[in-house]
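Participant: Below is the structure I would like to discuss, written out as structure tokens.
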Amino acid sequence: MAKEKQSVKRQPRRRTMQMKLNVLVIGNILAVAVGLMAISYYIFCQRVDDNYNTSLERAADACANNIEVEELEFFWKAIDSDDFREIHELAVKANDEEIIKEWMRSKPGWYSEAESKGEDESEPGEDAQADVDRWSLLNDYEQILYALQAIEDYFDVDSAYYQIDVDGIAYNIADPKETLFYVGTAEAPIEEFSDYEDNAAIPPTVYYSEFGWLLTVIKPVVNPETGETVGIAGVDLNMTEIVNERYMFLRQSLVFVALLLVIAILSSIILLRRTAIRPLRELAGAAANFANEDRAYTEDDVIQLNLRTNDEISDLYHEIQSMESRIVDYTDHLTRVTAEKERVSTELRTASQIQESMLPHIFPAFPEREDFDLYASMTPAKEVGGDFYDFFLIDDSHLALLIADVSDKGVPAALFMMSAKILINYRAQEGGSPSEILNAVNAQICKNNKSKMFVTVWLGILDLNTGLLTCTNAGHEYPVLRGQDGVFRVFKDKHGLVLGALARARYRDYEIRMKPGDAVFVYTDGVPEANNTDGEFYGMERMEEALNQVADRDPKGILQGVREDVEAFTGEAMQFDDLTMLCLEYKGKQGTGHSEKEEA
2 MAKEKQSVKR
12 QPRRRTMQMK
22 LNVLVIGNIL
32 AVAVGLMAIS
42 YYIFCQRVDD
52 NYNTSLERAA
62 DACANNIEVE
72 ELEFFWKAID
82 SDDFREIHEL
92 AVKANDEEII
102 KEWMRSKPGW
112 YSEAESKGED
122 ESEPGEDAQA
132 DVDRWSLLND
142 YEQILYALQA
152 IEDYFDVDSA
162 YYQIDVDGIA
172 YNIADPKETL
182 FYVGTAEAPI
192 EEFSDYEDNA
202 AIPPTVYYSE
212 FGWLLTVIKP
222 VVNPETGETV
232 GIAGVDLNMT
242 EIVNERYMFL
252 RQSLVFVALL
262 LVIAILSSII
272 LLRRTAIRPL
282 RELAGAAANF
292 ANEDRAYTED
302 DVIQLNLRTN
312 DEISDLYHEI
322 QSMESRIVDY
332 TDHLTRVTAE
342 KERVSTELRT
352 ASQIQESMLP
362 HIFPAFPERE
372 DFDLYASMTP
382 AKEVGGDFYD
392 FFLIDDSHLA
402 LLIADVSDKG
412 VPAALFMMSA
422 KILINYRAQE
432 GGSPSEILNA
442 VNAQICKNNK
452 SKMFVTVWLG
462 ILDLNTGLLT
472 CTNAGHEYPV
482 LRGQDGVFRV
492 FKDKHGLVLG
502 ALARARYRDY
512 EIRMKPGDAV
522 FVYTDGVPEA
532 NNTDGEFYGM
542 ERMEEALNQV
552 ADRDPKGILQ
562 GVREDVEAFT
572 GEAMQFDDLT
582 MLCLEYKGKQ
592 GTGHSEKEEA
């Protein structure tokens with residue numbers, strides 16, 4: 002048999018506060034460290050670039066200013082000739098630079114020209130060959146190389162050289178790093194220099210060439226007398242040197258920052274553990290112990306910790322301590338209130354039982370009588386209501402019907418109700434019309450009515466022999482009558498003042514002639530004023546419709562039908578008034594109608 006697989010919802014992994022804080026602190030430290038590293042590396046690179054640019058600018062200026070312009074012009078004219086080009090081509094083919102050297106040695110140099118003009122009056126030396134070398138073109142070339150080599154050594158650059166731009170082509174004159182084959186050759190065009198004019202100054206520029214990845218600065222060699230540019234002085238530096246210096250700084254910085262990060266992270270973790278994690282754990286443990294107590298709390302259960310942190314954790318501790326103290330007080334108060342409420346609830350249930358026992362609740366109430374049938378019910382809005390009803394035989398031929406509504410609810414209304422019920426019942430037994438009974442009872446209630454409460458009353462006495470129903474109304478709802486046509490209709494009688502309002506109030510009787518099959522329905526305002534969840538009242542019209550829907554039933558069925566219709570209308574809405582109803586059906590001798598008269 003295959004087993005059913007039950008899908009179990011995977012619980013998210015629990016991450017402690019220590020883990021979260023450590024991750025947060027480490028992340029922030031790393032972010033700051035990376036940011037500082039990036040900023041410092043950028044600043045260092047800018048400073049290194051500026052230093053090298055400045056150094057190359059100075060080296061290029063030195064090259065341009067530390068050569069005799071006439072000497073450079075003289076040397077260029079010598080090599081910019083068909084004779085030199087032939088010798089150069091021959092030397093390249095023979096791969097022998099001595100051919101070029103011998104040619105230069107055989108050519109008079111700039112110093113020889115200067116002597117012939119009387120610019121140099123020094124005597125020739127004893128060594129004839131040395132004198133020849135001294136005044137030769139080769140000597141000029143070596144002097145130029147010597148000056149360039151001195152600049153390379155002093156400024157620590159990779160290459161210093163002289164060139165001349167002619168129609169966009171750079172021709173090489175001298176470079177200490179190159180052989181004699183280099184002299185007079187054309188330099189390959191450099192794209193980064195294409196926007197500059199011939200023999201123009203070029204600021205520090207980085208580019209790739211056949212000689213590598215270079216940083217170059219070019220300065221023009223200017224004749225100070227004429228202001229003409231006769232050539233250019235160039236200085237190169239291999240970018241590898243700059244990059245290596247950057248990488249060295251980066252490696253050193255990474256090692257230093259890594260050490261600082263380790264120290265900072267460890268310090269932060271230890272500090273967080275001492276100042277936050279450990280106090281929070283103690284606080285959480287103490288609070289959990291308080292919550293896990295399965296008994297009534299006392300002041301001894303309130304959290305007590307020795308926290309030395311004067312911060313938000315300390316504030317949280319004092320708040321929890323205060324909250325637990327309030328919980329202890331509230332629990333103690335709640336225990337007392339619950340006990341008191343239970344006592345009151347017990348008393349209310351007892352009062353409700355007493356009240357219920359005071360109202361007629363056994364039906365049929367008069368099983369031996371066949372000349373009438375009646376039924377009554379009361380549903381209090383609270384445990385003890387203020388409505389009441391009563392019916393009793395004054396003698397064998399007279400039946401008293403009573404329904405009333407006290408102005409308040411609860412125990413005070415119930416006590417007032419019982420007092421009024423007893424007074425009316427006692428006074429009715431003495432005899433008299435309904436108006437006489439209410440006049441007497443009203444006087445007694447007003448005499449000792451310190452609570453200022455009042456009660457609405459409808460009282461009727463039915464002559465069972467004749468069907469004459471004598472009634473009086475002390476501010477109560479209209480009765481509803483069912484005649485021979487079987488239809489319930491509201492009977493709008495005249496109201497008197499409520500009982501307990503004015504001692505001098507007087508009440509009037511009116512008569513209704515009931516025929517066999519007629520019925521009277523009386524009620525309290527809890528029926529028409531029942532409300533639904535929208536706040537709408539049940540109303541007299543709905544009550545009359547409900548009565549006519551069950552008009553063919555006996556009194557008990559009529560009350561049940563009306564109650565069901567009211568409950569269907571109100572639904573879940575809370576009711577604030579008692580629901581009390583009484584219905585009597587007369588089955589005796591046929592009457593002759595109804596009339597009304599005043600009693601003096």
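Take this note's numbering: the last position of the sequence shown gets the number 601, and nothing is skipped along the way. Every residue gets a Cβ at the ideal spot worked out from N, C-alpha and C, and that includes glycine.
(1) Apart from the five residues on each side of it in sequence, which residues of its chain come closer than 8 Å, Cβ to Cβ, to Gln-576?
(2) Looking only at its chain, what residues have a beta carbon closer than 6 Å to the beta carbon of Asp-237, apart from the 5 residues adjacent to it on each side?
(3) Starting from the C-beta of Thr-17, find all residues in its chain whose C-beta is less than 6 Å away, skip the five residues before and the five after it, and write them out in chain order.
(4) For the beta strand (DSSP E) holding Met-379, just list the boundary residues, first then last.
(5) In the structure shown, what three-state DSSP assignment does Asp-333 receive?
(6) Considering just the uninterrupted stretch of the beta strand (DSSP E) at Tyr-147, what are its terminal residues?
(7) On the criterion of 16 or more Cβ atoms from any shown chain inside 10 Å, does Thr-525 qualify as buried, or is it exposed?
(8) Look at the Cβ atom of Asp-372, then the Cβ atom of Lys-588, and state whether they are nearer than 8 Å.
(9) Suppose you measure from the CA of Pro-109 to the CA of Tyr-248; what does that come to, to the nearest Å?
(10) Just how far apart, CA to CA, sit Leu-500 and Phe-538?
(11) DSSP three-state call for Tyr-587: helix, strand or coil?
(12) Would you call Arg-483 buried or exposed, if buried means 16 or more other Cβ atoms sit within 10 Å of its Cβ?
(13) Given this structure, state the Cα-to-Cα distance separating His-595 from Phe-492, to the nearest angstrom.
(14) Need the endpoints of the alpha helix (DSSP H) that Phe-85 sits in, please.
(15) Spatial neighbours of Met-418 within its chain, please: CB distance less than 6 Å, with the 5 preceding and 5 following residues excluded, ordered by chain position.
(16) Output yes or no for whether 8 Å exceeds the beta carbon distance between Ala-405 and Ile-446.
(17) Roughly how many whole angstroms lie between the Cα atoms of Thr-332 and Leu-281?
(18) Report buried or exposed for Tyr-427, applying the criterion of at least 16 other Cβ atoms within 10 angstroms of its Cβ.
(19) In the structure shown, what three-state DSSP assignment does Glu-512 receive?
(20) Quick check: Ala-429 and Val-488, are their CB atoms within less than 8 Å of each other?
(21) Return yes when the Cβ of Ile-328 is within less than 8 Å of the Cβ of Leu-284, no when it is not.
(22) Checking 8 Å against the spacing of the C-beta atoms, do Tyr-508 and Thr-473 come in under that value?
(23) Any idea which residues DSSP pairs Asn-474 with across the strands?
(24) Exposed or buried, which one is Thr-581 when buried takes at least 16 other CB atoms within 10 Å?
(25) Just to check my reading of the structure: Glu-246 and Val-49 have Cβ atoms closer than 8 Å, yes? What is that Cβ distance to the nearest angstrom?
(26) Mark Asp-578 as exposed unless 16 or more other C-beta atoms lie within 10 angstroms of its C-beta, in which case mark it buried.
(27) Apart from the five residues on each side of it in sequence, which residues of its chain come closer than 7 Å, Cβ to Cβ, to Ile-438?
(28) Spatial neighbours of Ala-61 within its chain, please: C-beta separation below 6 Å, excluding the five flanking residues on both sides.
(29) List, from N- to C-terminal side, the beta strand (DSSP E) runs of 3 residues or more that fit wholly inside the region 377 to 432.
(30) Can you list, in chain order, the residues of its chain whose CB lies under 7 Å from that of Leu-57, leaving out five sequence neighbours each side?
(31) Under 7 Å Cβ to Cβ from Leu-416, same chain only, skipping five residues before and after it: list those, please.
(32) Which residue's Cα is closest to the Cα of Glu-71: Ile-145, Ser-195 and Leu-181?
(33) Alpha carbons only, please: which of Leu-22, Val-33, Thr-380 and Phe-76 is nearest the one belonging to Ile-174?
(34) Assign Gly-592 to one of two classes, buried (16 or more other C-beta atoms within 10 Å of its C-beta) or exposed (fewer than that).
(35) Please identify the residue among Ile-191, Ala-201 and Ser-195 whose C-alpha is closest to the C-alpha of Gly-213.
(36) Please state whether DSSP places Leu-469 in a helix, a strand or coil.
Facilitator: With the given structure in hand:
(1) Position 575 of the sequence shown, counting from 1, holds the residue named residue 576. Taken in chain order, the residues that qualify are Ala-382, Gly-527, Ala-531 and Asn-532.
(2) Counting from 1 along the sequence shown, the entry for residue 237 is found at position 236. Cβ within range, chain order: Asp-159, Ser-160, Leu-215 and Thr-217.
(3) Counting from 1 along the sequence shown, the entry for residue 17 is found at position 16. Result list for Thr-17: empty, nothing under 6 Å.
(4) Taking the sequence shown and counting its residues from 1, one reaches residue 379 at position 378. Segment 373 to 380, the beta strand (DSSP E) holding Met-379.
(5) Mapped onto the sequence shown, residue 333 falls at position 332. Note: Asp-333 maps to helix in three-state DSSP.
(6) Numbered from its first residue, the sequence shown carries residue 147 at position 146. That residue, Tyr-147, is in no beta strand (DSSP E); its alpha helix (DSSP H) goes 138 to 156.
(7) What you label residue 525 is simply residue 524 of the sequence shown in a count that begins at 1. With 16 or more other Cβ atoms from the protein chains shown falling within 10 Å of its own Cβ, Thr-525 counts as buried.
(8) Here residue 372 corresponds to residue number 371 of the sequence shown, with the count starting at 1. Here residue 588 corresponds to residue number 587 of the sequence shown, with the count starting at 1. Taking 8 Å as the Cβ cut-off, Asp-372 and Lys-588 qualify as a contacting pair.
(9) Stepping through the sequence shown from its first residue, residue 109 is reached at position 108. Stepping through the sequence shown from its first residue, residue 248 is reached at position 247. Those two C-alpha atoms are separated by around 51 Å.
(10) Translated into positions along the sequence shown, residue 500 becomes position 499. Translated into positions along the sequence shown, residue 538 becomes position 537. If you take the alpha carbons of Leu-500 and Phe-538, they lie about 26 Å apart.
(11) Locating residue 587 in the sequence shown gives position 586, counting from the first residue. Tyr-587: strand per DSSP, three-state reduction.
(12) Locating residue 483 in the sequence shown gives position 482, counting from the first residue. Arg-483 comes out buried.
(13) In the sequence shown, residue 595 corresponds to position 594, counting from 1. In the sequence shown, residue 492 corresponds to position 491, counting from 1. With a pLDDT of only 41 at His-595, under 50, the local geometry of the prediction cannot be trusted, and the value read off the model is given with reservation. Rounded to the nearest whole angstrom, the C-alpha separation of His-595 and Phe-492 is 11 Å.
(14) The residue labelled residue 85 in the question sits at position 84 within the sequence shown. That run of the alpha helix (DSSP H) goes 83 to 95.
(15) Locating residue 418 in the sequence shown gives position 417, where the first residue counts as 1. The answer, listed in chain order, is Gly-387, Phe-389 and Val-407.
(16) In the sequence shown, residue 405 corresponds to position 404, counting from 1. In the sequence shown, residue 446 corresponds to position 445, counting from 1. For Ala-405 and Ile-446, no; Cβs fall outside 8 Å.
(17) For the purposes of this step, residue 332 is taken as the residue at position 331 of the sequence shown. For the purposes of this step, residue 281 is taken as the residue at position 280 of the sequence shown. Whole-angstrom Cα-Cα distance: 26 Å.
(18) The count along the sequence shown starts at 1 and reaches residue 427 at position 426. So Tyr-427 ends up on the exposed side.
(19) In the sequence shown, the residue the question calls residue 512 occupies position 511. Residue state, collapsed to three classes: strand.
(20) Within the sequence shown, numbered from 1, the residue matching residue 429 stands at position 428. Within the sequence shown, numbered from 1, the residue matching residue 488 stands at position 487. No, these two residues do not count as a Cβ contact at 8 Å.
(21) Reading the sequence shown from its first residue, position 283 is the one you call residue 284. Reading the sequence shown from its first residue, position 327 is the one you call residue 328. No, the pair does not count as a contact, with Cβ atoms beyond the cut-off.
(22) Mapped onto the sequence shown, residue 508 falls at position 507. Mapped onto the sequence shown, residue 473 falls at position 472. Their beta carbons are under 8 Å apart, which means Tyr-508 touches Thr-473 by this criterion.
(23) One-based indexing of the sequence shown puts residue 474 at position 473. DSSP, once it has assigned bridges, lists Trp-459 as partnering Asn-474.
(24) As a position in the sequence shown, residue 581 is number 580, starting the count at 1. Thr-581 comes out buried.
(25) Position 245 of the sequence shown holds residue 246. Position 48 of the sequence shown holds residue 49. Indeed they touch by this definition, with Cβ atoms about 6 Å apart.
(26) Counting from one through the sequence shown, the residue named residue 578 turns up at place 577. Classification of Asp-578: buried, given that the 10 Å Cβ count is 16 or more.
(27) For this step, residue 438 is matched to residue 437 along the sequence shown. Once the five neighbours on either side are set aside, the close Cβ partners of Ile-438 are Ile-425, Arg-428, Ala-429 and Leu-460.
(28) The residue given as residue 61 occupies position 60 in the sequence shown. So the qualifying residues of the chain are Val-218, Lys-220, Ala-234 and Val-236.
(29) Fully enclosed beta strand (DSSP E) runs of 3 or longer: 388 to 396 and 399 to 407.
(30) Looking up residue 57 in the sequence shown gives position 56. Taking Leu-57 as the centre and dropping the five residues before and after it, the same chain places the C-beta of Val-158, Pro-205, Leu-216, Val-218, Val-236 and Leu-238 closer than 7 Å to its C-beta, in chain order.
(31) Reading the sequence shown from its first residue, position 415 is the one you call residue 416. Cβ within range, chain order: n/a, list empty.
(32) The count along the sequence shown starts at 1 and reaches residue 71 at position 70. With distances taken between Cα atoms, Glu-71 lies closest to Ile-145.
(33) Numbered from its first residue, the sequence shown carries residue 174 at position 173. The shortest Cα separation from Ile-174 among Leu-22, Val-33, Thr-380 and Phe-76 belongs to Phe-76.
(34) Position 591 of the sequence shown, counting from 1, holds the residue named residue 592. The pLDDT assigned to Gly-592 is 40, lower than 50, so where the model puts this residue is not dependable; a value taken from the coordinates is nonetheless given after this. Buried, because 16 or more other Cβ atoms sit within 10 Å of the Cβ of Gly-592.
(35) Numbered from 1 along the sequence shown, position 212 holds the residue referred to as residue 213. Gly-213 has its Cα closest to that of Ile-191, out of Ile-191, Ala-201 and Ser-195.
(36) Along the sequence shown, one-based indexing puts residue 469 at 468. Here Leu-469 sits in strand by DSSP.
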